[in-house]
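Trainee: Quick one: this structure, given as structure tokens, is what I'll be asking you about.
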Amino acid sequence: MIDVHRWAALSVFLAATGALAAEPPVSGGKEGAQTNVILVHGAFADASSWRKVIPLLEAKNLHVVAVQLPETSIEEDVAATKRALSIQKGAVVLVGHSYGGMVITAAADDPNVRALVYVTALMPEHTSCRRPAISSGSIRPPTTRCSAPTYPQRMRAS
């Protein structure tokens, strides 16, 4: 039986390979571009919570970084994630767990971001999505749509 860490790693790997295969190479990419995965932990946790997932992703030749959030405010957590994004060479898949889902959504306006992966994470409703369209000539990844799922209304008893 596959444990939770292997499921998370498999989900990230499939998202990374699918998103990166569907997208053109990063335009104006940095020298030595690579496939990057940035892992963002949830509230009341730290970057070490990804310790069992990281080696599984690295075994698939992915460059993996686990961001340590300061957890002082959403703005500072997004800033920490954007700092990690700014030093990556090549395409990036952002992965958020729990509260980390809100952080990756807000940090996803970098043109190198190819996919967002929500691992039992919070995803903002459409009205609170902060990700703008990528400008001039870039293909807009499907992950830029931050819409909440629609649920059927319950039938009322008459």
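Here this note's numbering runs 7 ahead of the position in the sequence shown, where the first position is 1.
Each residue gets a CB set at the ideal place from its N, CA and C atoms; glycine is no exception.
Nothing here was measured: the structure is a model prediction, and the numbers come from that model.
(1) Exposed or buried, which one is residue 43 when buried takes at least 16 other CB atoms within 10 Å?
(2) From this set, 64, 80, 66, which residue's C-alpha is nearest residue 107's C-alpha?
(3) When DSSP labels each residue in this structure, what does residue 90 get in the three-state scheme?
(4) Count the other CB atoms, across all protein chains shown, that sit within 10 Å of the CB of residue 66; report buried if there are 16 or more and exposed otherwise.
(5) Within 10 angstroms of its Cβ, does residue 75 collect 16 or more other Cβ (buried), or is it exposed?
(6) Identify, in the order they occur along the chain, each residue of the same chain with its Cβ nearer than 6 Å to the Cβ of residue 130, setting aside the five sequence neighbours on each side.
(7) Identify the continuous alpha helix (DSSP H) that holds residue 112 and give its terminal residues.
(8) Where residue 19 and residue 60 are concerned, what is the direct C-alpha to C-alpha distance, given to the nearest angstrom?
(9) Please determine, among 102, 128, 114, 115, the residue with the shortest C-alpha to C-alpha distance to residue 47.
(10) If residue 7 sits next to residue 45, beta carbons under 8 Å apart, how far is it from one beta carbon to the other, in whole angstroms?
(11) Roughly how many angstroms lie between the CA atoms of residue 114 and residue 84, to the nearest whole one?
(12) If you compare alpha carbons, which of 51, 96, 58, 91 is closest to residue 78?
(13) Among 73, 96, 68, which has the Cα closest to the Cα of residue 49?
(14) Residue 112 to residue 124, Cα distance in whole Å?
(15) Taking residue 120 as the reference, give the member of 57, 58, 96, 53 with the closest Cα.
Mentor: So, to answer that:
(1) For the purposes of this step, residue 43 is identified with residue 36 of the sequence shown, where counting begins at 1. Residue 43 should be labelled buried.
(2) Numbered from its first residue, the sequence shown carries residue 107 at position 100. Cα-wise, what sits closest to residue 107 is 80.
(3) The residue given as residue 90 occupies position 83 in the sequence shown. Helix at residue 90.
(4) The residue given as residue 66 occupies position 59 in the sequence shown. Residue 66 should be labelled exposed.
(5) For the purposes of this step, residue 75 is taken as the residue at position 68 of the sequence shown. With fewer than 16 other Cβ atoms within 10 Å, it is exposed.
(6) The sequence position of residue 130 within the sequence shown is 123, counting from 1. Hits under 6 Å: 108.
(7) Against the sequence shown, residue 112 aligns to sequence position 105. Where residue 112 is concerned, the enclosing alpha helix (DSSP H) stretches over 107 to 114.
(8) Position 12 of the sequence shown, counting from 1, holds the residue named residue 19. Position 53 of the sequence shown, counting from 1, holds the residue named residue 60. Looking at the two C-alpha atoms, the distance is approximately 9 Å.
(9) Start at 1 with the first residue of the sequence shown, and residue 47 comes out as number 40. Ranking 102, 128, 114, 115 by Cα distance to residue 47 puts 102 first.
(10) Lying outside 8 to 165, the shown extent of the chain, residue 7 is not represented and no answer is given.
(11) Counting from one through the sequence shown, the residue named residue 114 turns up at place 107. Counting from one through the sequence shown, the residue named residue 84 turns up at place 77. Between the alpha carbons of residue 114 and residue 84 lies a gap of roughly 9 Å.
(12) Here residue 78 refers to the residue found at position 71 when the sequence shown is read from its first residue. Of the listed residues, the one whose Cα sits closest to residue 78 is 51.
(13) Mapped onto the sequence shown, residue 49 falls at position 42. Checked all of 73, 96, 68; the closest Cα to residue 49 is 73.
(14) Here residue 112 is taken as the residue at index 105 of the sequence shown, counted from 1. Here residue 124 is taken as the residue at index 117 of the sequence shown, counted from 1. Answer to the nearest angstrom: the Cα atoms are 10 Å apart.
(15) Within the sequence shown, numbered from 1, the residue matching residue 120 stands at position 113. Nearest of 57, 58, 96, 53 to residue 120, Cα basis: 96.
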